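Residue numbers are given in UniProt numbering: position 75 of the sequence shown equals residue 75, and the series is strictly consecutive. Ideal Cβ positions, reconstructed from N, Cα and C, are used throughout, including at glycine. The model shown is predicted, which means the values in this text are computed figures rather than measured ones. Have a look at the structure below before the remarks.
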Amino acid sequence: AGIESNVGYASGFFQIKIKLPNKDFSGVVVAFYLTSDPDGKGGNHDELDFEFLGSNGPPFTLQTNVFANDEGGREQRFHLWFDPTSDFHTYGIVWNQHQVVFYVDKTPIRVFKNNTKIGVSYPSQQLVIQGSIWNGETWASGGRKIDWSQAPFVASFVGFGVTGCQFQSSASKDQCYISSPKLWWNGDKYLGLDPAQRKALQDARTKYLYDDYCSKHADIHKECQINKNTSYGIGE
1 AGIESNVGYA SGFFQIKIKL PNKDFSGVVV AFYLTSDPDG KGGNHDELDF EFLGSNGPPF
61 TLQTNVFAND EGGREQRFHL WFDPTSDFHT YGIVWNQHQV VFYVDKTPIR VFKNNTKIGV
121 SYPSQQLVIQ GSIWNGETWA SGGRKIDWSQ APFVASFVGF GVTGCQFQSS ASKDQCYISS
181 PKLWWNGDKY LGLDPAQRKA LQDARTKYLY DDYCSKHADI HKECQINKNT SYGIGE
């Protein structure tokens, strides 16, 4: 089951409040993401993912991933510091031509910088917003199968907010990168994180990040060579 925006975007700020199933939902994946491949054909595409991997109680795992004209492989997994099944929490993405920032309740947990100057691909295609709940038992929960006696599995999505620049055409998408009051996410404030945000990011990653693609596949992801020089992996 899923939801999808009627239009695509070239930049913006996207957020939603989500409450996960309050039961054993091992093997079930709940996702909120932006993608240039809304039909799920696979192959090289752009995508920014929040994926909640089903479990039977804490710890609750949030996986983020970035696809940049490729097949992804940039998974980072966090143990959430709250119970996402008991109440709604806000998950947001800022995407401009300088960085992608993933937020949980206004706390930045991941930054993917635009490092095209050193040959790192960066999301630049039209992205459609999607939300879904689906069967991921082959990989999402450590091999645990879905207990269908627990069905139905209900994930609640509310407070959907989009402040984005609608994609019109490849020729005109540069208009979505300018800084203006209307396109505030392209302004100086969003070129990087301020000191307080950097501290919040570092704290979140130190305490809750437990699986990082850069620790396993740094040889095939150039951004990892930059990220290793910082304690919080933002590649600046």
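{"Check": "What residue does the beta strand (DSSP E) around residue 132 start on, and which one ends it?", "Outcome": "127 to 135"}
{"Check": "Per DSSP, which residues does residue 110 bridge with? Please list them.", "Outcome": "102"}
{"Check": "Taking only the alpha-carbon atoms, compute the straight-line gap between residue 148 and residue 28 and give it to the nearest angstrom.", "Outcome": "10 Å"}
{"Check": "I need the straight-line Cα distance from residue 95 to residue 12, nearest angstrom please.", "Outcome": "5 Å"}
{"Check": "Please classify residue 196 as buried or exposed, where buried requires at least 16 neighbouring CB atoms within 10 angstroms.", "Outcome": "exposed"}
{"Check": "Pull up the distance between the alpha-carbon of residue 231 and that of residue 84, whole angstroms please.", "Outcome": "Bear in mind that the predicted position of residue 231 carries a pLDDT of just 49, short of 50, making it unreliable; the figure below should be weighed with that in mind. Looking at the two C-alpha atoms, the distance is approximately 27 Å."}
{"Check": "Using alpha carbons as the reference points, say which of 150, 133, 191 lies closest to residue 50.", "Outcome": "133"}
{"Check": "Comparing C-alpha positions only, which one of 65, 79, 20, 72 sits nearest to residue 101?", "Outcome": "65"}
{"Check": "Taking the alpha carbon of residue 78 as the point to measure from, which residue in 223, 204, 218 has its own alpha carbon closest?", "Outcome": "204"}
{"Check": "Count the other CB atoms, across all protein chains shown, that sit within 10 Å of the CB of residue 219; report buried if there are 16 or more and exposed otherwise.", "Outcome": "exposed"}
{"Check": "Along the chain, where does the beta strand (DSSP E) that runs through residue 117 open and close?", "Outcome": "Note, residue 117: premise wrong, no beta strand (DSSP E); not H, not E."}
{"Check": "Which same chain residues, not among the five before or five after residue 264, have their C-beta less than 7 Å away from its C-beta?", "Outcome": "Because the chain here runs from 1 to 236, residue 264 falls outside it and cannot be looked at."}
{"Check": "Whole angstroms are fine: how far does the CA of residue 63 sit from the CA of residue 210?", "Outcome": "10 Å"}
{"Check": "Could you pull the DSSP bridge partners for residue 139 from this structure?", "Outcome": "In the DSSP output, where bridge partners are listed per residue, residue 139 has none listed."}
{"Check": "Determine the burial state of residue 48: buried for a count of at least 16 other Cβ atoms within 10 Å of its Cβ, exposed for fewer.", "Outcome": "buried"}
{"Check": "Helix, strand or coil: which one does DSSP assign to residue 315?", "Outcome": "As shown, the chain starts at 1 and ends at 236. That puts residue 315 outside it, with no answer to give."}
{"Check": "Taking all protein chains shown into account, decide if residue 174 is buried (16 or more other Cβ within 10 angstroms of its Cβ) or exposed.", "Outcome": "exposed"}
{"Check": "Indicate whether at least one CB of chain D lies closer than 7 Å to the CB of residue 27.", "Outcome": "Any reference to chain D falls outside this structure, which holds one protein chain only."}
{"Check": "Pick out whichever of 106, 23, 130, 121 has its Cα sitting closest to the Cα of residue 31.", "Outcome": "130"}
{"Check": "Taking 7 Å as the cut-off, decide whether the C-beta atoms of residue 154 and residue 21 are in contact.", "Outcome": "yes"}
{"Check": "Please return the same chain residues whose Cβ sits closer than 7 Å to the Cβ of residue 187, not counting the five positions on each side in sequence.", "Outcome": "179"}
{"Check": "Taking the alpha-carbon positions, what's the residue 150 to residue 91 distance?", "Outcome": "26 Å"}
{"Check": "What residues in its chain sit with their C-beta under 8 Å from that of residue 213, if we drop five residues either side in the sequence?", "Outcome": "73, 74, 75, 76, 221, 224"}
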